[in-house]
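Sequential numbering from 5 applies to the sequence shown in this note's numbering.
We treat Cβ as the ideally placed atom computed from N, Cα and C, and that holds for glycine.
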Amino acid sequence: MATIPAISFEANRAKELAEELVKNIQQTGFNALSKNDFYDFVLYLLDKYSKERFLLKNSNYANARLLKAKPEKIKTSKFNIFLKFSSEEEKKDVLLRFIRQIINGEISMKGCDGENKLQITIEDPAVYFCLEGRMKEKLGTGHDTSFNREIIKIGKKDFFVIMSTIINEDALFAENRSALEKRIKAEKFADGTDKVVGLLMDGVSKMTGLNFSGLLAENIKDGITKLYKLATSLS
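Okay, structure coming up:
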């Protein structure tokens, strides 16, 4: 049976958590938040100050076991936390998190049979919400509808247009560009990342006519570097 993940704190971080909770109660009043909002706020603080940052790193099902709650409740709480309690910096970081998840092989992506589209499975409701909003803003339309609210289907060309807007327009990406480039050069990638990047490269190849055959097997960091250069050049 899989081990249930833990929640742990450094002593100073536990103190900061308690201080922020007390400060909020003193400023807004103990009964100012509804019961569900108060639960979500406590969950936000537990995640914010924990060593593990479990809400982002664990799956909804792992967190359901950890917190003894239904996965649907965890998903709803994560979205409420994003909307109500996250700082502006945390909200701006959401789409960058999506890019990092792609680089780390944490996002499930596959080509749709018979279609020039990608199917992306996104557990994080905040990422799903922001990506969907960016698509409507930049493409004038949303993604293909699905009964599963964790799945986005998007044309490969459109996907790289969206990648381009994130890379070129999000201020936090510019701030983190140097760190990402160092990560690329150091080749510190999770197992299986080559498969994810390979799929992305395949999408770029079909869209641009460029051939990346054998590139990833030879050197994954060059593949990712070229992917970013292509994404930033799209219009």
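With fewer than three CB-CB distances shorter than 8 Å, the segment 25 to 36 does not count as touching the segment 73 to 84. Annotated as distal: D44 and S12, with beta-carbon spacing of 8 Å or more.
Counting along the chain, L122 sits inside the beta strand (DSSP E) bounded by residues K121 to T125. Short of 8 Å from the beta carbon of R138, and not among the five residues preceding or following it, lie these beta carbons of its own chain, in chain order: L99, I166, T169 and I170. Here I124 is not near I103, since their CB atoms are 8 Å or more apart. Here G137 carries a helix assignment [DSSP, helix/strand/coil]. Annotated three-state conformation of S168 is helix, per DSSP. Residue environment for A15: exposed (fewer than 16 other C-beta atoms within 10 angstroms of its C-beta). Taken atom to atom, the span from the alpha-carbon of K39 to that of Q105 is near 32 Å. Annotation for K39: the continuous alpha helix (DSSP H) segment containing it runs K39 to Y53. Here K114 has Q123 as same chain residues with Cβ atoms under 6 Å from its own Cβ, once five neighbours each way along the sequence are excluded. In this structure, A130 and F86 form a Cβ contact; the two beta carbons are roughly 4 Å apart against a cut-off of 8 Å. Secondary structure of S81 (DSSP, three-state): helix. Excluding sequence positions up to five before and after E92, its CB lies less than 7 Å from no other CB in the same chain.
With respect to the C-alpha of E127, the residue from D41, L60, D162 and K27 having the closest C-alpha is L60. Partner residues in the beta bridge of S112, as assigned by DSSP, are T125. In the DSSP annotation of this structure, the continuous segment of the alpha helix (DSSP H) that includes I29 starts and ends at A15 to T32.
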